[in-house]
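Participant: Residue numbers (the working numbering): 249 to 678.
Backbone N, C-alpha and C fix where the C-beta goes; we use that ideal spot for every residue, glycine too.
Predicted, not measured: the structure shown is a model, and the values here were computed from it.
Dumping the structure here so I can ask a few things about it.
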C-alpha cells in the first residue's frame with residue numbers, strides 16, 4: 249500500500265509540474281508570436297501656402313509605416329479662420345497645424361486648446377533654433393511651448409540693377425552695399441535715384457515703414473499688453489523717417505499684391521523692394537523675364553523679420569506623441585534645408601546655414617549670387633520682439649496714417665495723434 253501511495257503521489261506531482269511547465273511555455277510562446285508592430289496612426293495636418301511638405305510626408309511615412317499623414321492646404325486667412333472655429337467649438341481640429349507668426353499671439357491666449365510641447369521633450373531641441381524665433385512660440389511665465397519653429401522671413405534689400413545704373417550707382421552688390429550702410433545713406437541715395445530716373449526708391453510707405461519697424465527692439469506693446477508707442481521711441485522714429493522720405497518725394501504709391509505691383513516689378517518702375525526671403529519667389533513670379541536685372545544686399549543698419557510659421561498640436565488630437573515625433577523630424581536642420589531647396593522656406597535652424605547645400609547655393613535669377621547667405625546673415629541679426637495679440641490693430645492704424653500723409657497730404661503729427669486715438673478706442677473695446 250505504501251508503494252502504491254508513493255507511486256500515486258509521484259504521478260500526481262509529475263502531472264502537475266508538467267501542466268505548469270506547458271502552461272508557462274505556451275504563455276511565453278504566445279508573447280513571442282504576438283504582432284509587435286505599432287498600432288496604425290492616422291494624423292491630419294493643416295497647412296497653408298506652398299510648403300512642399302507633401303514630399304517630406306511621403307519620406308516620413310516610408311520610414312514609419314504605421315503612420316499615415318493627410319495634408320490639407322488652404323489660403324492663409326481661411327486656414328486660421330477654420331482653426332479658430334474648430335478649437336473654439338471643441339471639435340474638428342487637426343492633429344497638427346501650422347500657425348503663422350502674425351496669428352500665434354492670439355492662440356497663446358488660449359494655451360489649454362493646445363498641447364504643451366515641453367511635455368514631449370521640446371526643451372531638448374531648443375538650442376537647435378534661432379533664439380528670437382523660439383521665443384515667440386513660448387509662454388515663458390507658464391513654461392509652455394505652443395509652437396515648434398519652422399520657416400522665417402528675414403529681410404534684405406532687393407534692387408533693380410538697371411535702375412541703379414541709370415542713376416549712376418554701382419549695380420554690383422558689394423559695391424552698392426557700401427552706399428547703403430545707414431538709413432541716412434538710404435535717404436541720400438533715394439534722392440539721387442528719383443532725381444536721375446524719375447522713379448521712386450521703393451514701392452510704398454508700407455514696405456519702407458515695415459523694414460524700420462521690424463528692426464526695433466520693441467514695437468507697440470509691452471509684455472503686459474500695454475500700448476507703449478507714446479513712451480517708447482522706436483515706432484515714432486520709424487514713422488518720422490517714413491514721412492520724411494514721403495516729403496522728399498521718393499516713395500511710391502504702388503499697393504502690394506495688386507496687378508499694378510506685379511507689373512511694376514517686371515518693368516522696373518521702382519528701385520528697391522525691402523523684402524523678406526520668401527518674397528524672392530514673388531519677384532520671380534511677377535517678373536519672369538527680368539532675370540539678372542534684380543540683385544540683393546543687406547538692409548541698412550541690420551535686419552528684421554516678416555513672416556514665418558510654427559507647428560502646433562491642438563488638444564483635440566488623440567495622437568499627440570506621434571504628432572510631435574513627426575513635427576520634430578520635419579523641423580530638423582536636415583529637413584529645413586530640403587524645404588528651402590524645394591520651396592524657398594528659409595530655415596530657422598542655424599546649423600542649416602553651415603551645410604554644403606546652403607553654402608554652395610546660388611540663384612541665377614539674382615545674378616548668380618548666394619542669396620541664402622545674405623538672408624542667413626540677416627536672420628542672425630534679428631532681435632527678439634514682443635508683438636502681442638493686438639499687434640495688427642496698432643499696426644493697421646499707423647499704415648492708415650502714413651497712407652493719409654502720402655495720398656491726402658495729411659499733416660504727419662495730426663495723423664500720428666489720430667492713429668493713436670483710433671488704436672485706443674479699439675483696444676478699449678477688446
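Classify residue 655 as buried or exposed, calling it buried when 16 or more other Cβ atoms lie within 10 Å of its own Cβ.
Facilitator: So residue 655 ends up on the exposed side.
Participant: Tell me residue 386's beta-bridge partners as DSSP assigns them.
Facilitator: According to DSSP, which records beta bridges pairwise, residue 386 is partnered with 393.
Participant: Do residue 468 and residue 486 have their beta-carbon atoms positioned less than 9 Å apart in this structure?
Facilitator: No, they are not a contact pair.
Participant: Comparing C-alpha positions only, which one of 639, 631, 615 and 602 sits nearest to residue 621?
Facilitator: Considering only alpha carbons, the answer is 602.
Participant: To the nearest whole angstrom, what separates the beta carbons of residue 290 and residue 316, a pair I think is in contact under 8 Å?
Facilitator: Contact flag correct, Cβ pair sits at about 5 Å.
Participant: Using three-state DSSP, classify residue 258 as helix, strand or coil.
Facilitator: In this predicted model, residue 258 has a pLDDT of only 42, less than 50, meaning its place in the structure is not dependable; the value taken from the coordinates is given anyway. Three-state result, residue 258: helix.
Participant: Fully enclosed by the region 551-627, which beta strand (DSSP E) runs are 3 residues long or longer?
Facilitator: DSSP runs (the beta strand (DSSP E)) wholly in the region 551-627: 553-560.
Participant: Kindly identify the DSSP beta-bridge partner or partners of residue 458.
Facilitator: Note: residue 458 sits in no beta bridge, so no partner.
Participant: Do you know offhand how far residue 424's Cα is from residue 412's?
Facilitator: Roughly 9 Å separates the two Cα atoms.
Participant: Would you identify the three-state DSSP class for residue 449, choosing helix, strand or coil?
Facilitator: Three-state result, residue 449: coil.
Participant: Taking 7 Å as the limit between beta carbons, can you name the residues of its chain near residue 397, skipping five residues before and five after?
Facilitator: Answer for residue 397: 377, 381, 382, 385, 558, 579 and 596, listed in chain order.
Participant: Determine which residues share a DSSP beta bridge with residue 542 and list them.
Facilitator: Residue 542 pairs with 408.
Participant: Starting from the Cα of residue 483, find the closest Cα among 592, 293, 554 and 668 and give me that residue.
Facilitator: Comparing Cα-Cα distances from residue 483 to each of 592, 293, 554 and 668, the minimum goes to 668.
Participant: With a threshold of 7 Å on Cβ separation, who are the neighbours of residue 571 within its own chain once the five nearest residues in sequence on each side are excluded?
Facilitator: Cβ within range, chain order: 291, 343, 344, 561 and 565.
Participant: Nearest-angstrom Cα distance between residue 309 and residue 466?
Facilitator: Cα to Cα, residue 309 sits roughly 42 Å from residue 466.
Participant: Are the CB atoms of residue 498 and residue 653 nearer to each other than 9 Å?
Facilitator: Contact: no.
Participant: Identify the continuous alpha helix (DSSP H) that holds residue 655 and give its terminal residues.
Facilitator: Start and end: 639-656.
Participant: Run the CB neighbour count on residue 505, radius 10 Å, all protein chains shown included, and call it buried at 16 or more, exposed below.
Facilitator: Residue 505 comes out exposed.
Participant: Within 8 Å: the Cβ of residue 418 and any heavy atom of the ligand COA?
Facilitator: No copy of the ligand COA appears in this structure; indeed no ligand is present at all.
Participant: Tell me which same chain residues have a C-beta within less than 7 Å of the C-beta of residue 374, skipping the five on either side of it?
Facilitator: So the qualifying residues of the chain are 382.
Participant: Does DSSP put residue 463 in a helix, a strand or coil?
Facilitator: Coil.
Participant: Out of 638, 626 and 649, state which residue places its alpha-carbon closest to the alpha-carbon of residue 462.
Facilitator: Checking every option, the nearest Cα to that of residue 462 belongs to 626.
Participant: Can you pull the DSSP bridge partners for residue 295?
Facilitator: In DSSP, residue 295 forms a bridge with 321.
Participant: State yes or no: is the C-beta of residue 500 within less than 9 Å of the C-beta of residue 452?
Facilitator: Cβ distance < 9 Å, so residue 500 and residue 452 count as in contact.
Participant: Which term fits residue 272, buried or exposed, when burial requires 16 or more other beta carbons within 10 angstroms of its beta carbon?
Facilitator: Any reading at residue 272 needs caution, since the residue's pLDDT is 42, under 50, leaving its predicted position unreliable; the model's value is listed next. Result: exposed.
Participant: Per DSSP, which one or two residues make a beta bridge with residue 523?
Facilitator: Answer is 404.
Participant: Smallest Cα separation from residue 672: which of 442, 478, 301 and 300?
Facilitator: Of the listed residues, the one whose Cα sits closest to residue 672 is 478.
Participant: Considering Cα atoms alone, identify which of 492, 340, 608 and 638 is closest to residue 439.
Facilitator: Cα-wise, what sits closest to residue 439 is 492.
Participant: Quick one: what's got a C-beta closer than 7 Å to residue 324's C-beta in the same chain, skipping five residues either side?
Facilitator: Closer than 7 Å at the Cβ level, and outside the excluded window around residue 324, lie 296, 297 and 348.
Participant: As a quick exercise: from 525, 364, 346 and 503, pick the residue whose alpha carbon is nearest that of residue 593.
Facilitator: Taking only the C-alpha atoms, the option nearest residue 593 is 525.
Participant: On the criterion of 16 or more Cβ atoms from any shown chain inside 10 Å, does residue 276 qualify as buried, or is it exposed?
Facilitator: Confidence in residue 276 is poor, its pLDDT being 37 and thus under 50, which makes the residue's placement unreliable; the coordinate value appears in the next sentence. It counts as exposed.
Participant: Could you tell me the distance, in whole angstroms, from the CA atom of residue 365 to the CA atom of residue 391?
Facilitator: Their Cα atoms are separated by approximately 10 Å.
Participant: How would you call residue 711, buried or exposed, if buried means at least 16 neighbouring beta carbons within 10 angstroms?
Facilitator: This structure cannot speak to residue 711, because the chain is shown only from 249 to 678.
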